[in-house]
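Chains as they are written, first to last, in my numbering: chain A, 1 to 318; chain B, 1 to 300; chain C, 1 to 264. Don't be surprised by glycine CBs; every beta carbon is placed ideally from N, CA and C. Below: one structure, written as structure tokens.
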Amino acid sequence: MQSSNRKALLGLTIFLILFPVVAMNVTAIGHYLDIMIFVGIYCLINMGLSLLMGYAGQISLGHAAFFGLGAYTSGILCTKFAMSPWLAMVAGVGITALVAYIVGVPSLKLKGHYLAMATLGFGVIVQIFFNEEVSLTGGPSGFSDIPGLSILGFSLNNDLYYYILVWFLVLLTLIFSLNVIHSRVGRALRSLHDSEVAADAMGVETSRYKVIIFVLSAAYASIAGSLYTHYVGFLSPSSFDFFLSIKLVMMVVVGGMHNIWGALLGTWLLTFLGNEWLHVFHDFDILVYGAILLAVVMFLPDGLVHLVPRMSRVWKRG
Amino acid sequence: MTKITLTGQLIQYLFTGVTVGSIYAMVAVGFNIIYNVTEIINFAQGEFVMLGGLIMVFFTVTAKLPLPLAFVLTVAAVTGVGALMERFTINPLKNASVLTMIIVTIAVSILFKGIAMFIWGKDPYIFPPFSGSKPLFFYGAAIQTQTLWVLFMTAVMVVLMTIFYKKTRYGKAMLACADNPEAARLVGIKVSVMILISFALSAAIGAVAGAVITPISLMEYDRGALLALKGFGAAVLGGLGSFYGAVVAGIFLGIIESMCAGLVSSGYKDAVALILLLLVLYVRPSGLFGNVEASKIKEF
Amino acid sequence: MNTESSPVFLHVENLQKSFGGVQALKGLSFKVPSGIIKAIIGPNGAGKTTLFNVITGIFPPNGGAIALNGMSIEGRKAREIARLGVSRTFQNVEVFGRMTVLENVMVGRHIQSRAGIISTGLRLVGMRREERQIRESAMQHLAFVGLEKRATELSGNLPLGEQKLLEVARALATDPKILLLDEPAGGLNTRETEGLAALIHRILEQGITVVLVEHDMNLVMDISDEIMVMNFGEKIAEGKPKQIKNDPLVIEAYLGEEVDYSDL
Chain A
1 MQSSNRKALL GLTIFLILFP VVAMNVTAIG HYLDIMIFVG IYCLINMGLS
51 LLMGYAGQIS LGHAAFFGLG AYTSGILCTK FAMSPWLAMV AGVGITALVA
101 YIVGVPSLKL KGHYLAMATL GFGVIVQIFF NEEVSLTGGP SGFSDIPGLS
151 ILGFSLNNDL YYYILVWFLV LLTLIFSLNV IHSRVGRALR SLHDSEVAAD
201 AMGVETSRYK VIIFVLSAAY ASIAGSLYTH YVGFLSPSSF DFFLSIKLVM
251 MVVVGGMHNI WGALLGTWLL TFLGNEWLHV FHDFDILVYG AILLAVVMFL
301 PDGLVHLVPR MSRVWKRG
Chain B
1 MTKITLTGQL IQYLFTGVTV GSIYAMVAVG FNIIYNVTEI INFAQGEFVM
51 LGGLIMVFFT VTAKLPLPLA FVLTVAAVTG VGALMERFTI NPLKNASVLT
101 MIIVTIAVSI LFKGIAMFIW GKDPYIFPPF SGSKPLFFYG AAIQTQTLWV
151 LFMTAVMVVL MTIFYKKTRY GKAMLACADN PEAARLVGIK VSVMILISFA
201 LSAAIGAVAG AVITPISLME YDRGALLALK GFGAAVLGGL GSFYGAVVAG
251 IFLGIIESMC AGLVSSGYKD AVALILLLLV LYVRPSGLFG NVEASKIKEF
Chain C
1 MNTESSPVFL HVENLQKSFG GVQALKGLSF KVPSGIIKAI IGPNGAGKTT
51 LFNVITGIFP PNGGAIALNG MSIEGRKARE IARLGVSRTF QNVEVFGRMT
101 VLENVMVGRH IQSRAGIIST GLRLVGMRRE ERQIRESAMQ HLAFVGLEKR
151 ATELSGNLPL GEQKLLEVAR ALATDPKILL LDEPAGGLNT RETEGLAALI
201 HRILEQGITV VLVEHDMNLV MDISDEIMVM NFGEKIAEGK PKQIKNDPLV
251 IEAYLGEEVD YSDL
């Protein structure tokens, strides 16, 4: 692994270890631990989205659907079928990956706006499904009493344990993703983004890779969904709407689309913004999100991560 | 008490379908106008409809202005919004990538939604129908007079747009831009002005749609996204860029949706249009009336 | 009839391609013997790049056949054709602008390597070994074209001449049997063009058949073994450089075209 990535990983790990130590000892920010758990869950989704958008150059405006599919599968299998949560998580990944494959194959033949609309439409259809299949999902009012997670009988029933679990999984996924990026597969993805026709001419199986990375990102989202379910203990379709899909894209774009660290930065920033600093703006949080997205995409198209000199590379052509 | 016959029901669904379909048709036409000149899909198209409805509420209910004046002011206001959007967010990004343009129009749609929520809150609003609320009876179906206004407005829009494109200088210039922007530039047509007009025109049509549908189905701050999706579905179904295709497809979509809602399941009615959108994109992206070669939608 | 030493390596028969109402290729037939340099020349709009695009699978033909070493390849997808030993460069340079020079060539090694998402994600031992091989091979190909000093630079920042060389290195990294060069000298100065000519000879020495589309007549007359002349989607002449030079049809086709005739 490249040394800059190694250093960044080390830095992140140190930060993650120190964070709860500080947060739990300063009452004013004690709840930051809870927010960081959500940051971790969204980071999991957004690493996948970053691979899809930033590296492979595709777009998905419906990723909340995969998040929701993982969440609901875990919730339903655990409550209605008394399945073990870990098994349910695996089942969730399986189902979500299958759906992603079925939707992905025809959708990824589309480009640009049409792909965006297709994924948007798909996301809304899934949300309607969650709303309408009341016997399965509890409909608009959702369902609750979802059990928490435990490892080998040791129950993860407080914020600190959950924080450790979530961020441990995030780090593993981050390492996996960085390995993929700096490999033959990563180069294939980046090549199809830069010049699909040249990538084809060099023998890169472009349509296959688009689908693979789409399914992978759906799998990441599914795991995140399962983690979300067992943490919150309650599910309702309104949590998995189009606006969440947009927020996810925002987090990736604002942080810096072409760089997986950018996705992490953007996720952290916008989650804290939404949960903590925007409470002041309660009724116009949507307004603020729209304004931020607009400002970033117009003035800082490579995202905020490029303000950190050592983290950035010159991505622009020429 | 009048018995509701099956015929009566079907006619009811048909009228509802044509009414809501007319709105989809107008949104679709709005997409096409902008797409033809710039190849941009304007995700904020649905917000023009939403703003049309809500601003109309303001002028009629809050400002208590006479209906025709309120209507004209509403359309003017939303047209202005469309023009501002183009000047401030589209024009500066002339050479941006497709992805950037997508995100920009999405961001603007969120911004509009946020502003609407700020001004009007999350509640739905309504204002009285143009000609009163007494329904007309037609073969056992109760038809609202506002429905006739919707159809009338749609027809007027079709006629005016046809005249615009075929007879006026600006209209012909826009067609030229759509066909061959380089050649258009060479003969002195200012493409940037055409783009501005396309946004203003789309906004105006959206405003009319919003103003005319609100007395029937109310309007709230977040109606835009679903309208945009369905309108886009109609645009693609009719062949992206095809004016008449958009109108036919929009009404067709509305009828299918209404029939499904009435006869099958009202909860899934929104999904109908979306599934149709996906099917068209996957199977025949050139739509019903489009040109197969003109659709550069898919790769080889 | 599939021997490596078969004299006819690429055989195009009655190839047709139209775009909408426009017929870009009207029944084109020609052969490329193994181990030679064949140039395809013709005025702009003659269909030369379309020909390359159809051969390499970017567009399917509307009719006709293309055989590579006896095996038919017409209508196949570009990635299949690349795997069968056909590689190319592009008229409008298509380097992977956001990747480094070395990474560009490493993408060329894609079809000669195997690691999938699991083995790369988990950095299994086999994958690491393969990665080292890819890197070494890519460096060798960079050295072959003389770009090894630029390995870590962003390809999008390179001057045009070097981007063209990079495309050649990348195409060579696929271990092709036949290399299609689309206007490799476009935008190059005299010194660069001489370097290109030497490079093409070196490529030939590696046993790779070369077909090039080119407008620079000096280069074409200098290095080609055979020349085919196209106009309006058809072949109007084919033969050795001396024959082509004096062919009245060819001269007529070029009247009014800006061609460097200074040496003819």
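| Check | Outcome |
| --- | --- |
| Give the DSSP-derived three-state secondary structure of Arg88 of chain C in the structure shown. | strand |
| State the Cα-Cα distance for the pair Phe118 of chain B and Pro68 of chain B, rounded to the nearest angstrom. | 27 angstroms |
| If contacts are defined as beta-carbon pairs under 8 angstroms, then Val81 of chain B and Ala204 of chain B qualify, I think. What distance do you get, rounded to the angstrom? | No, Val81 of chain B and Ala204 of chain B are not in contact; Cβ-Cβ is about 10 angstroms, not under 8 angstroms. |
| For Val29 of chain B and Ser60 of chain A, what's the separation of their Cα atoms in angstroms? | 25 angstroms |
| Name the chain C residues whose beta carbon is nearer than 7 angstroms to that of Gly203 of chain A? | Arg79, Ala82, Arg83, His110, Ile111, Thr174 |
| Look at Ala224 of chain A and Thr96 of chain A and say whether their C-beta atoms are less than 7 angstroms apart. | no |
| Using a Cβ-Cβ distance cut-off of 7 angstroms, determine whether Ala169 of chain C contacts chain A. | no |
| Could you give the distance in angstroms between the alpha-carbon of Ala234 of chain B and the alpha-carbon of Lys109 of chain A? | 20 angstroms |
| Met139 of chain C touches chain A at which residues, Cβ-Cβ below 8 angstroms? | Result: empty, since nearest Cβ-Cβ is about 15 angstroms, beyond 8 angstroms. |
| Taking only the alpha-carbon atoms, compute the straight-line gap between Val72 of chain B and Gly210 of chain B and give it to the nearest angstrom. | 13 angstroms |
| Could you tell me how far apart the beta carbons of Val101 of chain C and Ala151 of chain C are, in whole angstroms, since I believe they sit closer than 8 angstroms? | 5 angstroms |
| At which residue ranges does the region 173-231 of chain C contain complete alpha helix (DSSP H) runs of 4 or more residues, listed in the order of the chain? | 190-205, 217-223 |
| Using alpha carbons as the reference points, say which of B:Val158, B:Gln144, B:Ala25, B:Ala116 lies closest to Ile216 of chain B. | B:Gln144 |
| Given a cut-off of 7 angstroms, decide if Thr79 of chain B and Ala200 of chain B are closer than it, judged by their beta-carbon atoms. | yes |
| In whole angstroms, what is the alpha-carbon distance linking Val49 of chain B and Asn91 of chain B? | 22 angstroms |
| Are the C-beta atoms of Ile128 of chain A and some chain B residue less than 7 angstroms apart? | yes |
| Along the chain, where does the beta strand (DSSP E) containing Gly27 of chain C start, and where does it finish? | 22-33 |
| So the beta strand (DSSP E) Ser18 of chain C belongs to, where does it begin and stop? | 8-19 |
| Counting along the chain, where does the alpha helix (DSSP H) carrying Ile73 of chain C start and finish? | Segment: none, Ile73 of chain C is in no alpha helix (DSSP H) and carries neither H nor E. |
| Do you know offhand how far Glu196 of chain A's Cα is from Thr206 of chain A's? | 7 angstroms |
| List the endpoints of the continuous beta strand (DSSP E) containing Ala261 of chain B. | Run containing Ala261 of chain B: none; DSSP gives neither H nor E here. |
| Do the CB positions of Ala246 of chain B and Gln45 of chain B come within less than 7 angstroms of each other? | no |
| Tell me the DSSP secondary structure of Ser236 of chain A in three-state form. | coil |
| Does DSSP put Leu376 of chain A in a helix, a strand or coil? | The requested residue 376 of chain A does not occur in the structure, where chain A is confined to residues 1 to 318. |
| Mapping the DSSP letters down to three states, classify Glu39 of chain B as helix, strand or coil. | coil |
| Give the straight-line distance between the Cα atoms of Ala46 of chain C and Ala24 of chain C, rounded to the nearest whole angstrom. | 8 angstroms |
| Please report the distance separating the alpha-carbon of Ser22 of chain B from that of Ser245 of chain A. | 29 angstroms |
| Count the other C-beta atoms from every protein chain shown that fall within 10 angstroms of the C-beta of Ser109 of chain B, then say buried if there are 16 or more, exposed otherwise. | buried |
| Return yes when the Cβ of Pro124 of chain B is within less than 7 angstroms of the Cβ of Leu218 of chain B, no when it is not. | yes |
| Alpha carbons only, please: which of A:Ile212, A:Met117, A:Tyr161 is nearest the one belonging to Leu279 of chain B? | A:Met117 |
| Could one say the Cβ of Val93 of chain A lies closer than 7 angstroms to chain C's Cβ atoms, at least one of them? | no |
| Is there contact between the region 217-228 of chain C and the region 195-207 of chain C, where contact requires at least three CB pairs shorter than 8 angstroms? | yes |
| Should the region 188-203 of chain A be regarded as contacting the region 102-109 of chain C, the criterion being three or more beta carbon pairs within less than 8 angstroms? | yes |
| Where does Leu154 of chain C sit, in a helix, a strand or coil, going by DSSP? | strand |
| Is the beta carbon of Ser239 of chain A sitting closer than 7 angstroms to the one on Gly92 of chain A? | no |
| Count the C-beta pairs between the region 176-184 of chain A and the region 268-277 of chain A that are closer than 8 angstroms, then say yes if the count reaches three, no if not. | no |
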